[in-house]
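Notes to accompany the following structure.
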Amino acid sequence: MQLTLGPVLFNWPTEAWQDFYARIADEADVDRVIVGEVVCSKRMPFRDHAIAAVLERLARAGKEVVYATLALPTLPRETRAIREAIEAGYPVEANDIATVHLLAGAPHVVGPYLNIYNEAALAAHAALGATRVCLSPELPLAAIEGLAARAGAVALEVFAFGRAPLALSARCYHARAHGLPKDACQFVCERDADGMDVATVTGQPFLAVNGIQTLGHGVTAAIRQVDALRAAGVDALRLSPQSCDMVAVARVFRGLAEARIDAAAAEAALAALPLPGPLGDGYLRGLPGARRLQDAE
Amino acid sequence: MTARRSLELVCPAGTPAGLRAAVDAGAHAVYCGFRDETNARNFPGLNFDRAEMREGIAYAHARGARVLVALNTFMRVGAIETWTRAVDDAVAAGADALILADIGLIAYARDAHPRQRLHLSVQAAAATPEAIAFYRDRFGIARVVLPRVLTLDEIARLTAAAAPCETEVFVFGGMCVMAEGRCLLSSYATGKSPNQNGVCSPPSHVAYREENGALTATLGGFTIEQFGRGEPAGYPTLCKGRFAANGATSHLFEDPVSLNALELLPRLAEIGVSGLKIEGRQRGRAYVAAVVRAFRGALDALAQGRAPDAGALRALTEGQADTTGAYRKAWR
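Chains as they are written, first to last, in numbering that gives the first Met the number 0: chain A, 0 to 296; chain B, 0 to 331.
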């Protein structure tokens, strides 16, 4: 089973973002790295000039590279950015149906933001050129197994680590929480490397905000399901970057993928990292996504 | 088949009685679904069995109204026959259009029923000319229901780009602040989602707790809202709740307001929108009839060159507060 490093979803300062990928290129044991802005087009000018160099460096280090595209394009310039990503010549990850339209049948990766819940949807996307699909983090293990049994030539990926992306909006909640209009946001999202924590009014940690995106507060960790996912024929585990040591996270999941370490050891190793929330696998168990590893039901 | 109009008022029909009430109140079209997980309002006591659907369509057609059947959830792996059979049954019952969201089901409907008119549900979240072109060109989608988060200028741009595919916009009822069909908030808290189960913030997972005179409303154990003594207690829809972030407590995602675009009807007509959708299949008959009558009156006034009465519906909106939503570009 392979490991895919998903795109950095958060607005990390450009230098930190470049350093992160330099270290991934040199040290991380992952097969595939997906690079590119998924959440907010306003962040793109800061990194556009550096992205080709990052992709080249990762490719030289032997990683398969994929260029990620926006999950919620609305403006013409955002669609243009997607066109440019396609024209850059790297394999592309589509995160919106508009991108699938623009790809016009060319082979591509589908990210976790398109709704592929069943074999008919998977077949429709395969016919449109999808060769690899990262499934929605919402799917329970039984559904993943069902899809894997009917996936044909499409490689399936499962969201295995990181805060799960839950929703997208035309509205920017980072700006709203800071009392700023979206068009004059001052890039306040840059202050929260793992997203801005959102708690209930009775003090329960609940969600996290990343610009126009909402994620879970907990950190998805498909630890106990790796054996079942491997047996089902899932091709890769997707690790979504958080600010903790992702080289260490990749090491843990490589150990699990190769059945060299058990779930307890993996859990202990991950729990030792400075994570933004508790480890959870509720969705995979068919429970509310917020459920932690230790929760019974 | 019943003829379409240039500006069609599309009204919710949660039950057979609701369908008759909406048609009698002046709906040009109603939308409804089967009593199962194939539609995104899969609530107890709502929706239509097969016979009721046939009877409802006959009732509407006899009065010149069209029936649009919503089959707008995402099919479950290994059980897609539940959805494909619902498509077949809706076509056989004489549905004027099917409202679909799942690309797999759209592909099936196009292949199995090439002449059937298909609408793209808002749950498919097509919000760019490219996304609309995708469904129009590949699957012959005849109308796309636009998300509730667009501005009037964006609606105008999309309507022009979509042609000959028509556009339909929400004009009244609940606001969805997230990209519809791409929101997992409900399942994060409860395990049940619009995409997989046809429910959002389901009543089965709601609890109210009274403490020190305050009423706490929870969803899946998470506090969504607290109400003071004497304050009217609303339903804890997740994205309308109050949360703490950046050191302050606020309605972080959306204020608990309802959409009311009645005063925007002249502009929507000018833009060339084809469908005006009223949300609320879970609402009571009297509510639906009142809303339908008000909008039908406004449309008739508009056709005669008179301005619609914008305040006519204020008492019916959630929390007594309404908004024209993003339509006026308030979110930029």
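Every residue gets a Cβ at the ideal spot worked out from N, C-alpha and C, and that includes glycine.
Residue i vs residue j beta-carbon contact at 7 Å
i                 : j                 : result
Leu183 of chain B : Glu137 of chain A : yes
Ala237 of chain B : Ser185 of chain B : The identity of residue 237 of chain B in the sequence shown is Leu, whereas the question assumes Ala. For Leu237 of chain B and Ser185 of chain B, yes; Cβs fall inside 7 Å.
Ala293 of chain B : Leu312 of chain B : yes
Ala20 of chain B  : Ala206 of chain B : no
Val37 of chain A  : Ala70 of chain A  : yes
Asp88 of chain B  : Val66 of chain B  : no
Arg131 of chain A : Val108 of chain A : yes
Leu214 of chain B : Ser200 of chain B : no
Ile222 of chain A : Glu266 of chain A : yes
Thr127 of chain B : Gly271 of chain B : no
Ala249 of chain A : Ala27 of chain A  : yes
Leu99 of chain B  : Leu145 of chain B : no
Gln1 of chain A   : Ala235 of chain A : yes
Val22 of chain B  : Ala61 of chain B  : no
Interface residues of chain B facing residue i [CB-CB closer than 8 Å]
i                 : result
Tyr116 of chain A : Phe73, Met74, Arg75, Val76, Asp101, Asn194, Gln195
Pro240 of chain A : Here the premise fails: no neighbours, minimum Cβ distance about 20 Å.
Glu137 of chain A : Leu183, Ser186, Ser192, Asn194, Gln195
Gly145 of chain A : Val76, Gly77
Gly215 of chain A : Tyr187
Inter-residue Cα distance where the pair is residue i and residue j
i                 : j                 : result
Pro277 of chain A : Arg137 of chain B : 44 Å
Thr213 of chain A : Met195 of chain A : 9 Å
Asn38 of chain B  : Asp244 of chain A : 43 Å
Leu258 of chain B : Gly145 of chain A : 40 Å
Val99 of chain A  : Ala178 of chain B : 18 Å
Trp11 of chain A  : Ala192 of chain A : 6 Å
Glu224 of chain B : Tyr20 of chain A  : 41 Å
Val208 of chain A : Val197 of chain A : 7 Å
Met0 of chain B   : Arg116 of chain B : Bear in mind that a pLDDT of 46 at Met0 of chain B, under 50, signals an unreliable position, so the number given afterwards is only what the model happens to contain. So the two alpha carbons sit approximately 11 Å from each other.
Leu286 of chain A : His48 of chain A  : 42 Å
Ser239 of chain A : Asp226 of chain A : 20 Å
Ala24 of chain B  : Arg305 of chain B : 20 Å
Ala12 of chain B  : Asn46 of chain B  : 8 Å
Arg22 of chain A  : Leu54 of chain A  : 13 Å
Gln319 of chain B : Phe171 of chain B : Low local confidence applies: a pLDDT of 47 at Gln319 of chain B is under 50, so the model's placement there is unreliable, and no value is given.
Ile102 of chain B : Ala119 of chain A : 8 Å
Tyr116 of chain A : Gly180 of chain B : 12 Å
Ala270 of chain A : Asp30 of chain A  : 24 Å
Thr83 of chain B  : Ala111 of chain B : 9 Å
Ile33 of chain A  : Gly110 of chain A : 10 Å
Val297 of chain A : Gly246 of chain B : Residue 297 of chain A falls outside the range modelled here, since chain A spans only 0 to 296, and no answer is possible.
Glu317 of chain B : Ala232 of chain B : Low per-residue confidence applies at Glu317 of chain B: pLDDT is 49, beneath 50, and the placement is therefore not dependable, though the value from the model is reported in the following sentence. Taking the straight line from one Cα to the other gives about 11 Å.
Ile81 of chain A  : Arg190 of chain A : 26 Å
Ala260 of chain B : Gln281 of chain B : 20 Å
Pro106 of chain A : Leu127 of chain A : 8 Å
Chain-ordered neighbours of residue i on chain B, where CB pairs are closer than 7 Å
i                 : result
Val208 of chain A : Ala244
Asp234 of chain A : Per Cβ cutoff of 7 Å: no residues; Asp234 of chain A is ~17 Å from chain B at best.
Met43 of chain A  : Within chain B, no residue comes near Met43 of chain A; the closest Cβ sits about 17 Å away, beyond 7 Å.
His100 of chain A : Glu129, Ala130, Ala132, Phe133
Tyr112 of chain A : Arg181
Listed by chain order, chain A residues near residue i by CB distance under 7 Å
i                 : result
Tyr369 of chain B : Since the first and last residues shown for chain B are 0 and 331, residue 369 of chain B lies out of range.
Phe252 of chain B : Tyr172
Val176 of chain B : Ser168, Arg170
Neighbour list for residue i in chain A, Cβ cutoff strictly below 8 Å
i                 : result
Ile79 of chain B  : Asn117, Glu118, Ala119
Thr248 of chain B : Val200
Interface residues of chain A facing residue i [CB-CB closer than 9 Å]
i                 : result
Thr14 of chain B  : Going along chain A, no residue has its Cβ under 9 Å from Thr14 of chain B, so there is no contact; the nearest lies around 28 Å.
Leu104 of chain B : Asn117, Ala119, Ala120
Interface residues of chain B facing residue i [CB-CB closer than 9 Å]
i                 : result
Met195 of chain A : Ala244, Asn245
Along the region 178 to 189 of chain B, where does the CB come closer than 9 Å to a CB of chain A? Name the residues. Within the region 178 to 189 of chain B, the residues whose Cβ lies closer than 9 Å to some Cβ of chain A are Ala178, Gly180, Arg181, Cys182, Leu183, Leu184, Ser186, Tyr187, Ala188, Thr189, listed in chain order.
Using a Cβ-Cβ cut-off of less than 7 Å, give me the residues of the region 113 to 125 of chain B that come near chain A, in sequence order. Within the region 113 to 125 of chain B, the residues whose Cβ lies closer than 7 Å to some Cβ of chain A are Ala125, listed in chain order.
Could you say if the region 72 to 90 of chain B and the region 145 to 158 of chain A meet the contact criterion of at least three C-beta pairs nearer than 8 Å? The answer is yes - the region 145 to 158 of chain A touches the region 72 to 90 of chain B, with three or more Cβ pairs under 8 Å.
Name the residues in the region 166 to 189 of chain A whose C-beta lies less than 8 Å from a C-beta of chain D; which are they? Going by chain labels, chain D is absent from the structure shown, which instead holds the protein chains A and B.
Under 8 Å: do the region 159 to 177 of chain B and the region 126 to 144 of chain B share three or more Cβ pairs, one atom per stretch? For the pair of segments examined, the region 159 to 177 of chain B was found to touch the region 126 to 144 of chain B: the number of CB pairs separated by less than 8 Å reaches three.
Between the region 219 to 245 of chain B and chain A, which residues of the former have a C-beta closer than 7 Å to a C-beta of the latter? Answer in chain order: Gly219, Phe221, Thr222, Gln225, Arg241, Phe242, Ala243, Ala244, Asn245.
Within 8 Å of chain B by C-beta, residues of the region 272 to 293 of chain A in sequence order: Against chain B - using a Cβ distance shorter than 8 Å - the residues of the region 272 to 293 of chain A are Gly281, Tyr282, Gly285, Leu286, Pro287, Gly288, Ala289.
Segment contact, 8 Å Cβ cut-off, at least three pairs: the region 276 to 294 of chain A with the region 29 to 37 of chain B: By the Cβ criterion, the region 276 to 294 of chain A is not in contact with the region 29 to 37 of chain B, since fewer than three pairs of Cβ atoms, one from each stretch, lie closer than 8 Å.
If contact is defined by three or more beta carbon pairs under 8 Å, each pair taking one atom from either stretch, is the region 194 to 208 of chain A in contact with the region 254 to 265 of chain A? No, the region 254 to 265 of chain A is not in contact with the region 194 to 208 of chain A.
Members of the region 73 to 90 of chain A that neighbour chain B once the beta carbon cut-off is set at 9 Å: Going along the region 73 to 90 of chain A in chain order, one finds Thr73, Leu74, Pro75, Glu77, Thr78, Ile81 with a Cβ nearer than 9 Å to chain B.
Which residues, taken in chain order from the region 128 to 146 of chain B, show a beta carbon closer than 7 Å to some beta carbon of chain A? Taking 7 Å as the Cβ-Cβ cut-off against chain A, the residues of the region 128 to 146 of chain B that qualify are Glu129, Ala130, Ala132, Phe133.
Given a limit of 8 Å on CB to CB distance, which residues of the region 149 to 174 of chain B reach chain A? Using a CB distance below 8 Å, the part of the region 149 to 174 of chain B facing chain A consists of Leu149, Glu153, ordered along the chain.
Answer yes if the region 245 to 261 of chain B comes into contact with the region 172 to 179 of chain A, meaning at least three C-beta pairs across the two stretches below 8 Å, and no otherwise. With the cut-off at 8 Å, the region 172 to 179 of chain A and the region 245 to 261 of chain B touch.
Taking beta-carbon pairs under 8 Å, can you tell me which members of the region 194 to 215 of chain B lie near chain A? Within the region 194 to 215 of chain B, the qualifying residues are Asn194, Gln195, Thr215.
Check distances from the C-beta atoms of the region 29 to 42 of chain A to those of chain B and list, in chain order, the residues that come in under 9 Å. Those would be none; no residue qualifies.
What residues in the region 276 to 287 of chain B bring their beta carbon closer than 9 Å to a beta carbon of chain A? Within the region 276 to 287 of chain B, no residue has a Cβ that lies closer than 9 Å to any Cβ of chain A.
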